[in-house]
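Take a look at the structure set out below.
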Amino acid sequence: MVGFEVPKMDWTPGPDLLTRFKRLRQKCELLLDGPLKSRDSTQKCKYVLLWSGDYGLDLFNTWTLTEEEQTDLKEYWTRFEDHVKPQANHILNRYYLRGLKQNNRPLATFLTEARLLIQSSGYPPNLHDELMRDTLVFGTDSEEVRRKCIARGNDLTFAKAKEIARTDEATQMQLKAMSDATPKGSKRHNNNPRQCYRCGDTSHTKGQHCPAIGVECFNCHKRCHFSKVCKSKTRPDVMTLKKEQPDDVTSECSSYDKVFLGTLETEDSSSTSVITSIEQRKHRNKVMTEIRVTTDAHDTHMVPLTCKIDSGAEVNVISKQDYDRLNSNPQHRHIGPTQCRITAYGGYTIKTLGTCPLYVHHNGSIKEIIFNVTDVPGPAMLGCKTCEELELVKFNCSLETSKEDKSTHPEEHTPYKSQQRTNEDRSRPDTQKCPPLDEMNFFNKFGDCFDGLGTFDMKLYHITLDPNAEPVIHAPQVVFGGWPQRREECPQSLHDYWNFREELTIEDGLVLKGDRIVIPPTLRPEVLNIIHQGHLGQEKCLLRARTSVFWPGITKEVINQVHQCDLGQKYQRKAAKEPILQPEPPNRACERLSSDLFQLKGQQYFILTDQYSRFPVIRRLTSTTSSAVINHLKSIFAEHGIPMQLLTDNGPQYSSAEFKHFMNVYGTMENILQKCHETKEDPYLAVLSYRATPLDHQLKSPAELLTNRKFKTRLFLCQRALLNSADHEAVKTKFITRQQKQAHYYNKNSGPSKKPLETDQPIRMYAHHSQTWEPRVVIKPAKHPRSYVIRSSTTGATYRRTRSRLKPDTTAVSDSQHEQMETPLYQGQLATSPAPIGLTQTSLKDCMADDRASPTDVPGRTSGTAGGYVTRSGRTVTPTQRLDL
Numbered sequence: 001m002v003g004f005e006v007p008k009m010d011w012t013p014g015p016d017l018l019t020r021f022k023r024l025r026q027k028c029e030l031l032l033d034g035p036l037k038s039r040d041s042t043q044k045c046k047y048v049l050l051w052s053g054d055y056g057l058d059l060f061n062t063w064t065l066t067e068e069e070q071t072d073l074k075e076y077w078t079r080f081e082d083h084v085k086p087q088a089n090h091i092l093n094r095y096y097l098r099g100l101k102q103n104n105r106p107l108a109t110f111l112t113e114a115r116l117l118i119q120s121s122g123y124p125p126n127l128h129d130e131l132m133r134d135t136l137v138f139g140t141d142s143e144e145v146r147r148k149c150i151a152r153g154n155d156l157t158f159a160k161a162k163e164i165a166r167t168d169e170a171t172q173m174q175l176k177a178m179s180d181a182t183p184k185g186s187k188r189h190n191n192n193p194r195q196c197y198r199c200g201d202t203s204h205t206k207g208q209h210c211p212a213i214g215v216e217c218f219n220c221h222k223r224c225h226f227s228k229v230c231k232s233k234t235r236p237d238v239m240t241l242k243k244e245q246p247d248d249v250t251s252e253c254s255s256y257d258k259v260f261l262g263t264l265e266t267e268d269s270s271s272t273s274v275i276t277s278i279e280q281r282k283h284r285n286k287v288m289t290e291i292r293v294t295t296d297a298h299d300t301h302m303v304p305l306t307c308k309i310d311s312g313a314e315v316n317v318i319s320k321q322d323y324d325r326l327n328s329n330p331q332h333r334h335i336g337p338t339q340c341r342i343t344a345y346g347g348y349t350i351k352t353l354g355t356c357p358l359y360v361h362h363n364g365s366i367k368e369i370i371f372n373v374t375d376v377p378g379p380a381m382l383g384c385k386t387c388e389e390l391e392l393v394k395f396n397c398s399l400e401t402s403k404e405d406k407s408t409h410p411e412e413h414t415p416y417k418s419q420q421r422t423n424e425d426r427s428r429p430d431t432q433k434c435p436p437l438d439e440m441n442f443f444n445k446f447g448d449c450f451d452g453l454g455t456f457d458m459k460l461y462h463i464t465l466d467p468n469a470e471p472v473i474h475a476p477q478v479v480f481g482g483w484p485q486r487r488e489e490c491p492q493s494l495h496d497y498w499n500f501r502e503e504l505t506i507e508d509g510l511v512l513k514g515d516r517i518v519i520p521p522t523l524r525p526e527v528l529n530i531i532h533q534g535h536l537g538q539e540k541c542l543l544r545a546r547t548s549v550f551w552p553g554i555t556k557e558v559i560n561q562v563h564q565c566d567l568g569q570k571y572q573r574k575a576a577k578e579p580i581l582q583p584e585p586p587n588r589a590c591e592r593l594s595s596d597l598f599q600l601k602g603q604q605y606f607i608l609t610d611q612y613s614r615f616p617v618i619r620r621l622t623s624t625t626s627s628a629v630i631n632h633l634k635s636i637f638a639e640h641g642i643p644m645q646l647l648t649d650n651g652p653q654y655s656s657a658e659f660k661h662f663m664n665v666y667g668t669m670e671n672i673l674q675k676c677h678e679t680k681e682d683p684y685l686a687v688l689s690y691r692a693t694p695l696d697h698q699l700k701s702p703a704e705l706l707t708n709r710k711f712k713t714r715l716f717l718c719q720r721a722l723l724n725s726a727d728h729e730a731v732k733t734k735f736i737t738r739q740q741k742q743a744h745y746y747n748k749n750s751g752p753s754k755k756p757l758e759t760d761q762p763i764r765m766y767a768h769h770s771q772t773w774e775p776r777v778v779i780k781p782a783k784h785p786r787s788y789v790i791r792s793s794t795t796g797a798t799y800r801r802t803r804s805r806l807k808p809d810t811t812a813v814s815d816s817q818h819e820q821m822e823t824p825l826y827q828g829q830l831a832t833s834p835a836p837i838g839l840t841q842t843s844l845k846d847c848m849a850d851d852r853a854s855p856t857d858v859p860g861r862t863s864g865t866a867g868g869y870v871t872r873s874g875r876t877v878t879p880t881q882r883l884d885l
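Below is the structure:
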């Protein structure tokens with residue numbers, strides 16, 4: 001716990017006791033979830049008991065806990081909160097809210113108190129803003145704010161009222177700062193004649209004779225001044241305190257009406273406070289004051305309380321009799337635990353019953369003061385700290401001057417510019433050995449601090465030099481001395497740097513490629529972690545890397561780093577939809593039917609549609625069981641015949657479900673019935689109208705495609721139009737053309753077709769409840785198109801999901817497939833000086849490609865023709881053909 005503040009709980013009863021407890025719980029949770037996260041639950045519970053204090057241990061001793069509850073930290077918090085949480089009294093809180101005023105408090109404090117009262121008053125949440133607006137307008141101290149808010153009328157909202165109040169508060173603070181500012185410049189001299197301190201007259205000068213010399217004062221009976229300028233009558237009865245030592249306060253008393261103010265001493269070992277009583281030599285005057293107090297901050301009924309002023313005490317004391325008089329209701333009397341032991345002068349212990357908070361209304365402000373309740377009768381007593389806060393006592397510290405002249409030899413006055421520093425023996429310093437500061441060149445003497453590696457932090461210095469390294473090949477010599485003429489003359493380890501050798505430079509011991517630092521192999525894993533800090537995506541990580549660092553193959557390593565991030569795979573975006581998959585149109589009516597269930601106005605309906613004619617049949621269901629659906633299917637099949645194929649969704653009513661299909665007809669029927677319900681029209685006539693309406697300009701109506709004849713509706717129709725006409729091949733051709741047109745527009749917003757998955761391949765499945773990608777394993781491909789049977793490795797449950805909800809798990813790829821290739825960039829002669837870290841290994845033979853290598857390694861690109869590749873958007877890129885010499 002070194003370096004952390006230990007939480008403490010103040011159990012003193014008051015309206016903010018619950019707020020203090022919540023603050024303690026928040027501090028404890030920060031420590032328990034941070035530095036103490038590794039501790040077990042038993043130790044965490046003990047920490048909470050230690051931080052709760054003596055009163056918290058007393059509460060713990062009254063609990064009856066089981067063995068499981070003794071190690072459950074939530075149980076501790078619940079019991080503590082039940083103890084400090086007051087019983088909600090909506091009527092009383094609303095009464096406090098109605099009388100709430102700002103009372104010269106900051107606007108934020110006033111609004112926070114109003115918000116807490118509204119939340120504990122039982123009002124609906126939708127009325128909170130209106131109540132906050134009314135409380136702000138009624139309780140603000142500024143008449144200007146109230147005038148502007150009322151001028152807004154019904155358009156005034158809480159946000160607008162708060163903005164008006166905040167603007168007014170900021171304006172008042174700025175005006176106050178401007179008025180308190182002292183103007184700079186010379187002070188004007190007061191030309192008024194000075195008044196004589198002996199006689200009070202201004203007619204004679206300082207050298208003339210004063211008539212008060214030798215005259216006795218009628219007030220104090222002292223000589224050499226008149227009574228009208230006598231200062232004895234203006235002196236207070238309580239003598240001013242003279243602070244001789246930091247921890248000792250005494251009083252200078254004259255022979256008239258002296259009042260002794262005692263001191264208070266604190267013993268750290270026993271937490272003892274000593275309060276002495278006020279003694280008087282003459283009882284003609286009393287050091288008393290009257291304050292107005294309340295037992296609640298929201299109470300407007302103030303009770304006067306006469307208190308003694310004791311500038312030597314550190315605590316405040318009130319008798320039990322006065323406390324009962326202030327709080328007449330016995331149910332509201334809450335005395336907290338005693339915080340210290342109080343003794344009088346001489347060691348006599350004063351019995352204390354506890355502590356209580358009282359709210360003092362003084363000079364337009366409200367201050368919460370803690371009093372110690374004693375069983376000793378007598379007036380209340382205010383301590384030194386409280387008296388200073390209430391501005392009842394002011395300490396004046398006097399300065400003593402010495403009349404002795406400690407100088408033995410008067411110094412000779414010389415101009416400041418001609419003065420020179422001398423030693424103890426009065427000798428001058430040698431300007432040759434100690435030149436002036438303006439002639440000393442610190443930049444040349446300490447150049448490393450202002451230029452080169454001295455300006456970098458230790459991290460960059462670590463990239464350059466290792467003082468403990470053995471003699472190795474000097475790295476930058478090849479870059480500095482020049483490259484050979486041919487690639488074959490260059491060492492094998494430097495072949496990867498040959499194509500961009502002109503871009504490599506050396507600056508301050510660092511190898512740079514343009515403005516990017518070349519990172520040695522030993523530091524590449526750490527740099528990769530820094531690049532991927534924040535779990536950014538692939539494009540962002542590449543942009544971040546390409547602006548600062550470089551090594552051969554950095555693009556591929558950054559992509560692998562992103563793909564191996566488990567959090568990135570789990571919280572990535574939802575996969576794009578695949579191209580539409582359409583079945584072959586049927587050759588005749590009632591060959592392939594589609595079925596589904598839908599709900600409208602609380603009723604369940606069954607719909608059956610012919611895929612050839614789009615003719616819908618709707619039945620109302622009394623239950624959604626399989627038997628009810630089968631009965632309707634039998635009835636419809638008896639009328640129209642048994643189809644060759646029945647397609648349904650993956651619902652529980654169908655044992656041979658394939659996939660969702662033909663939702664456009666279902667949506668049309670639901671829309672028709674919805675309109676009929678609103679307009680009170682006959683739903684059967686609406687369904688008949690849909691069945692007799694052509695599908696589009698080239699396809700006939702569902703009824704005509706199903707029965708080879710037109711249906712007679714309320715719309716007029718000639719007799720010749722009712723004759724049968726059917727051309728199935730032409731209808732099928734038109735259906736295929738229509739499907740191709742639909743697929744053309746649908747595939748514009750869909751991604752490319754996804755690659756098939758293999759058995760036992762680790763994948764990730766998109767979970768709708770958590771909107772994350774969870775790890776799964778492929779069992780086998782399903783019989784249906786684009787479907788796979790998968791299994792959870794944790795629960796063992798099996799699922800069937802379409803390919804658009806599955807993706808390969810890149811984090812499960814073996815580390816051997818993503819082994820980082822290290823290529824040193826250093827070749828030359830041997831040197832005995834410390835060599836760069838990680839840039840001296842020459843044992844690696846396999847070098848990764850340049851950052852500008854063939855982009856076919858990037859995911860989402862496919863190989864094209866003639867050595868090129870095809871991008872995701874379909875653009876074919878052909879690499880540059882270079883002459884191989």
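Taking the UniProt record's numbering, the leading residue of the sequence shown gets 1, the next gets one more, and so forth. Ideal placement from N, C-alpha and C gives every residue a C-beta, glycine not left out. Because the structure is a prediction, the values reported are computed rather than measured.
Secondary structure of residue i, DSSP reduced to three states
i    : result
E681 : coil
I630 : helix
V777 : strand
M9   : coil
L706 : helix
F615 : coil
T772 : strand
T289 : strand
G864 : Residue confidence is low: G864 scores 47 on pLDDT, short of 50, so the model does not pin down where it sits. Its coordinate-derived value is still stated next. Three-state DSSP puts G864 in coil, outside helix and strand.
N210 : The question names Asn, but residue 210 is Cys in the sequence shown. Correct three-state label for C210: coil.
S255 : In this predicted model, S255 has a pLDDT of only 34, less than 50, meaning its place in the structure is not dependable enough to derive any value.
Q698 : coil
Q604 : strand
Q761 : coil
G139 : helix
C220 : coil
Which listed residue (the options) has its alpha carbon closest to that of residue i
i    : options                : result
L695 : F735, E729, S227, E678 : F735
P616 : S623, K601, L633       : L633
G602 : R25, Q761, R614, L621  : L621
N529 : L510, G514, Q564, L512 : Q564
I517 : I554, Q533, Q599, Q492 : I554
A692 : D682, T707, E678, T679 : T707
H535 : Y571, P583, K780       : Y571
P552 : E578, E113, P521       : P521
Q674 : I342, L600, R501, V373 : L600
T338 : D322, H362, Y345, I370 : I370
N587 : T505, E681, K732, P491 : K732
P785 : N560, P304, Q582       : Q582
T810 : D141, K162, V562, P13  : V562
Which residues DSSP lists as bridging residue i, in chain order
i    : result
F550 : V518
A767 : T772
S787 : T802
Interface flag, residue i vs chain C, CB-CB below 8 Å
i    : result
Q564 : Of the protein chains in the structure, only one exists, and it is not chain C.
Return the chain-ordered ranges of every alpha helix (DSSP H) run that is complete within the segment 151 to 183 and spans a minimum of 4 residues. Fully enclosed alpha helix (DSSP H) runs of 4 or longer: 158 to 180.
Could you pull out every unbroken beta strand (DSSP E) segment of at least 3 residues lying fully inside the segment 342 to 404, listed in chain order? Annotation note: the segment 342 to 404 contains the following uninterrupted beta strand (DSSP E) runs of length 3 or greater, listed N- to C-terminal: 352 to 362, 365 to 374, 380 to 382.
Segments assigned beta strand (DSSP E), at least 3 residues, entirely inside the segment 482 to 521: For the segment 482 to 521, whole beta strand (DSSP E) runs of length 3 or above, ordered along the chain, are 504 to 507, 510 to 513, 516 to 518.
Is the number of C-beta pairs between the segment 308 to 318 and the segment 374 to 385 that are closer than 8 Å three or more? Taking a cut-off of 8 Å for Cβ pairs, the segment 308 to 318 and the segment 374 to 385 touch, as three or more such pairs fall below it.
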